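In my numbering, the protein residues as written are -12 to 298.
The beta carbon of each residue, even a glycine, is placed where N, CA and C say it ideally should be.
Remember, predicted model here, so these are calculated numbers, not experimental data.
Everything below concerns the one structure shown next.
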Amino acid sequence: MKIVDLTPTPTVPRDGWDRPLVIPKQGGKPRALTRTTTFIDCIEDKSALSDWHKRMTLVGTARRPDLLDVVRQLDPEDQADKRRLTALAEQAIDIAGANTKREKGTHLHTLSEYVDRGEPLPAGTAVRDQLDMAAYMGATVEFTVKAVEKFVVVPELGTGGTFDRLLEYAGPGPDGEHVEGHFIGDLKTGSVQYGALKMASQLAVYSRGEFYDYTRFPVDPADRKAFAAWKKREVPAEEAAQAYTPLPGHVSQKWGIIINLPAGSGECTLYWVDLEIGWAAAKLAREIRAMRSVKNAMLPWVSGLTGPKAA
């Protein structure tokens, strides 16, 4: 694997709902964008995930029955108690080990960046992780990594998000025909049995984005006074536009690449995802989100007779 630019983008300033705050290209005050993953989330069937959370909550409670002592003291109809109950449910899920895979995935993402940079893995890296990274290296040998963890904005959708990899590749495509150019890539360290449409949609949105350099408008969100002033600052259009850079003109909007590295498996498999299908899903998500804001879908019943209209 060849490496070009592997400098990750630092954290983008965010509001209280974890939405990225960016200066619009046309200038003005910082605007909150919808996270890409949140934007397309409405197209996904969450029934399996919901059932899994229920099971993990029960498992966690069985391991820590003392949690129930706290639950019994709370009123599920009280707003403050609702928040405490939600926090307790999350605690139970964590006790059940539900977040272990997520944490392991974050660890493998970090190790994969060592591989991409051509650097040795940190001393003491577990043998199982070394095997995973060997599999990752073998599967991605034909790629040139052009960028890692870069934040992009899609004004058309009002979204912002960070893609995993920008990959350069030349070789057989999904139909066996030769393809070449840049492709948005995503490293998945869990199962990809479900969620293909969401993955395709996510990468499709990224492929239509623009790089946004938030470091042109530095701020420390921990400094509440400075952050409040920053959010009120009007940025001229000429200055704002300089923060935006187009993706390479040959980034594919037809195909994306999923790198599936299940943690601890020692196996890495590549998949093509159809970004045209994904983009159609993203546009459908936009319609669904717009429909949710429609008012007056239900009106109060009007009782009694109404007289005839005056001529």
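Member of F198, E197 and F214 whose CA lies at the smallest distance from the CA of P205: The residue with the shortest Cα to Cα distance from P205 is F214.
Return the CA-CA distance between A277 and G145, expressed in angstroms with no decimal places. If I take the Cα positions, the gap works out to 12 Å.
So the candidates are R211, W39, E77 and A113; which of them puts its Cα closest to the Cα of L98? Taking only the C-alpha atoms, the option nearest L98 is A113.
Alpha carbon to alpha carbon, what distance is there between T93 and A110? In a straight line, the C-alpha of A110 is about 18 Å away from that of T93.
So, is T48 buried or exposed, given that buried needs 16 or more other C-beta atoms within 10 angstroms? Flag for T48 reads buried.
Taking the straight line between their C-alpha atoms, what separation do you get for T202 and V289? C-alpha separation (whole angstroms): 57 Å.
Using the C-alpha atoms, what's the distance from Y101 back to G107? In the sequence as displayed, the identity of residue 107 is Pro instead of Gly. Going by the C-alpha atoms only, they are around 7 Å apart.
Does the region 142 to 156 come close enough to the region 50 to 70 that 3 or more CB-CB pairs lie under 8 Å? Segments in contact, no.
Per-residue burial, Y181 [other beta carbons within 10 Å of its own, 16 or more giving buried]: Its Cβ having fewer than 16 others within 10 Å, Y181 is exposed.
Enumerate, from N- to C-terminal direction, the unbroken alpha helix (DSSP H) stretches of 4 or more residues contained entirely within the region 187 to 230. If we require 4 residues or more, the alpha helix (DSSP H) runs fully inside the region 187 to 230 come out as 211 to 219 and 224 to 228.
Which residues does DSSP pair with P159 in a beta bridge? According to DSSP, which records beta bridges pairwise, P159 is partnered with H165.
Could you tell me if Q66 is buried or exposed, where buried requires 16 or more neighbouring beta carbons within 10 angstroms of its beta carbon? Residue environment for Q66: exposed (fewer than 16 other C-beta atoms within 10 angstroms of its C-beta).
Are the CB atoms of Y123 and C255 within a distance shorter than 7 Å? In this structure, C255 places its C-beta atom within 7 Å of the C-beta atom of Y123.
Could you tell me the alpha carbon to alpha carbon distance between K88 and G177, rounded to whole angstroms? Counting only the Cα atoms, G177 lies some 8 Å from K88.
Look at the alpha carbon of H96 and the alpha carbon of P161, and state the distance between them as a whole number of angstroms. For H96 and P161, the distance between alpha carbons rounds to 25 Å.
Element boundaries [beta strand (DSSP E), containing G243]: Where G243 is concerned, the enclosing beta strand (DSSP E) starts and stops at W242 to N247.
Within 10 angstroms of its Cβ, does Q117 collect 16 or more other Cβ (buried), or is it exposed? Counting Cβ neighbours within 10 Å, Q117 comes out exposed, since fewer than 16 surround it.
Can you say whether K301 is buried or exposed, counting buried as having 16 or more other CB atoms within 10 angstroms of its CB? With the chain running from -12 to 298 in the structure shown, residue 301 is simply not present.
With a threshold of 16 other CB atoms inside 10 Å of the CB of W266, please say whether the residue is buried or exposed. If you draw a 10 Å sphere on the C-beta of W266, you find 16 or more other C-beta atoms in it, and that means buried.
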